[in-house]
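Numbering (the numbering used here), first residue to last: 636 to 849.
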Amino acid sequence: MGKRIGLLGGTFDPVHIGHLRGALEVAESMRLDELRLAPSARPPHRDTPQVSALDRLAMVERAVAGVSPLVVDDRELKRDKPSYTIDTLEQMRAELAADDQLFLLLGWDAFCGLPTWHRWEELLQHCHILVLQRPDADSEPPDALRNLLAARSVSDPLALAGPGGHIAFVWQTPLAVSATQIRQLLASGKSVRFLVPDAVLAYIDAHGLYRAPN
636 MGKRIGLLGG TFDPVHIGHL RGALEVAESM RLDELRLAPS ARPPHRDTPQ VSALDRLAMV
696 ERAVAGVSPL VVDDRELKRD KPSYTIDTLE QMRAELAADD QLFLLLGWDA FCGLPTWHRW
756 EELLQHCHIL VLQRPDADSE PPDALRNLLA ARSVSDPLAL AGPGGHIAFV WQTPLAVSAT
816 QIRQLLASGK SVRFLVPDAV LAYIDAHGLY RAPN
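1) Taking only three categories from DSSP, how would you classify leucine 740?
2) Less than 8 Å separating the beta-carbons of phenylalanine 738 and methionine 665?
3) Assuming proline 621 contacts leucine 784 (C-beta within less than 8 Å), just tell me the rounded distance between them.
4) Given that a residue counts as buried once 16 or more other Cβ atoms are within 10 Å of its Cβ, and exposed if not, what is proline 792?
5) Identify the residues that DSSP records as bridge partners of serine 788: which are they?
6) Is arginine 846 helix, strand or coil when you go by DSSP?
7) Give a yes or no on whether the minimum CB-CB distance between arginine 691 and chain D is below 8 Å.
8) Determine, using beta carbons only, whether tryptophan 743 and valine 766 come nearer to each other than 8 Å.
9) List the endpoints of the continuous beta strand (DSSP E) containing glutamine 807.
10) Output the distance between the C-alpha atoms of glutamate 669 and glutamine 807, rounded to the nearest integer angstrom.
11) Would you report the Cα separation of glycine 701 and alanine 673, rounded to the nearest angstrom?
12) Which residue wins for smallest C-alpha separation from tyrosine 719, given the options Arg846, Leu836 and Leu758?
13) In angstroms with no decimal places, state the Cα-to-Cα distance between glycine 799 and glycine 843.
14) Provide the residue(s) that pair with histidine 763 in DSSP beta bridges, ordered along the chain.
15) Just verifying my parser: in three-state terms, what is the DSSP assignment at alanine 673?
16) By Cβ distance below 7 Å, which residues in the same chain neighbour cysteine 762 in space, the five residues on each side in sequence not counted?
17) In whole angstroms, give me the CA-to-CA distance for alanine 796 and leucine 689.
18) Look at the Cβ atom of valine 789, then the Cβ atom of alanine 698, and state whether they are nearer than 8 Å.
19) Would you list the one or two residues that DSSP bridges to glutamine 768?
20) Looking at histidine 651: is its Cβ nearer than 8 Å to the Cβ of valine 812?
21) Using C-beta distances below 8 Å, list every residue in its chain close to isoleucine 839, excluding the 5 sequence neighbours before and after it, in chain order.
Here's what the structure looks like:
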């Protein structure tokens, strides 16, 4: 049997318990050998992150330290161009064995936005896609994705066979936590204790991140 590797990208600005709890649940339910959190440097579809790539990387490293099977993948931060997921998947696939399974984790909103992604039709050549389903995701996917879902969707995520090519939905416990909310709390001088891991909070405090300028 090959390895089962997951990939969860994001700005992680900052990483919080919503990211981490969801990642851990998926890693356990999908029996992943490794789930890589990959901070993006200049995400093409998001606003520019509020703090530097190095700070965001440092926070993710502290958040997952000692939490198997979560690990950090910093390759997107080493690129001097926008972070395209297809580039990351191609690189990872080249490093893996032929029978290793690669799973790209996407939230519902990100999945619905796939048709705007760079070379999005090629993603499934390199991986399976796991869509993280929350109870509030009741919007309809765009037409371009309906055909893809009809052709590539598998009802049982654990039945995904082969190195890639299919889509499945994975349930996750909803945690109403957002990076935007955390940044706003910090900017107004309020506590974010228990919304981020203690090690991340210590880093934010030590470096004065997200605070309103005096």
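Backbone N, C-alpha and C fix where the C-beta goes; we use that ideal spot for every residue, glycine too. A quick note: this is a predicted structure, and the numbers were derived from the prediction, not measured.
Here's the rundown:
1) Counting from one through the sequence shown, the residue named residue 740 turns up at place 105. Strand.
2) Position 103 of the sequence shown holds residue 738. Position 30 of the sequence shown holds residue 665. Cβ atoms of phenylalanine 738 and methionine 665: closer than 8 Å.
3) A question about residue 621 goes unanswered here, because the residues of the chain that appear run from 636 up to 849.
4) Taking the sequence shown and counting its residues from 1, the one referred to as residue 792 is at position 157. Buried: at least 16 other Cβ atoms inside 10 Å.
5) By one-based count along the sequence shown, residue 788 stands at place 153. Paired residues: Ile802.
6) Walking along the sequence shown from the start, residue 846 turns up at place 211. Here arginine 846 sits in coil by DSSP.
7) Of the protein chains in this structure there is only one, and it is not chain D.
8) Working through the sequence shown from its first residue, we reach residue 743 at position 108. Working through the sequence shown from its first residue, we reach residue 766 at position 131. Their beta carbons are under 8 Å apart, which means tryptophan 743 touches valine 766 by this criterion.
9) Mapped onto the sequence shown, residue 807 falls at position 172. From DSSP, glutamine 807 is part of no beta strand (DSSP E); its letter is neither H nor E.
10) Here residue 669 corresponds to residue number 34 of the sequence shown, with the count starting at 1. Here residue 807 corresponds to residue number 172 of the sequence shown, with the count starting at 1. If I take the Cα positions, the gap works out to 18 Å.
11) Counted from its first residue, the sequence shown places residue 701 at position 66. Counted from its first residue, the sequence shown places residue 673 at position 38. Distance between the alpha carbons of glycine 701 and alanine 673 is about 17 Å.
12) Against the sequence shown, residue 719 aligns to sequence position 84. Nearest option by C-alpha distance: Leu758.
13) Sequence index remark: in the sequence shown, residue 799 carries index 164 (1-based). Sequence index remark: in the sequence shown, residue 843 carries index 208 (1-based). For glycine 799 and glycine 843, the distance between alpha carbons rounds to 42 Å.
14) To locate residue 763, count along the sequence shown from 1; it is residue 128. DSSP lists Phe738 as partners of histidine 763.
15) Here residue 673 corresponds to residue number 38 of the sequence shown, with the count starting at 1. It is a strand residue.
16) If you number the sequence shown from 1, residue 762 lands on position 127. Counting only Cβ-Cβ distances below 7 Å, and skipping sequence neighbours, we find Leu724, Leu737, Phe738, Leu739 and Gly799.
17) Walking along the sequence shown from the start, residue 796 turns up at place 161. Walking along the sequence shown from the start, residue 689 turns up at place 54. Near 36 Å, if we compare the C-alpha coordinates of leucine 689 and alanine 796.
18) Within the sequence shown, residue 789 is the residue found at index 154, counting from 1. Within the sequence shown, residue 698 is the residue found at index 63, counting from 1. Not in contact: valine 789 and alanine 698 (Cβ atoms no closer than 8 Å).
19) Residue 768 sits at position 133 when you count from the first residue of the sequence shown. Looking at the DSSP assignment, glutamine 768 forms a beta bridge with Trp806.
20) In the sequence shown, counting from the first residue as 1, residue 651 sits at position 16. In the sequence shown, counting from the first residue as 1, residue 812 sits at position 177. In this structure, valine 812 lies closer than 8 Å to histidine 651 by Cβ.
21) One-based indexing of the sequence shown puts residue 839 at position 204. Closer than 8 Å at the Cβ level, and outside the excluded window around isoleucine 839, lie Pro649, Met694, Leu821, Val827, Val831 and Tyr845.
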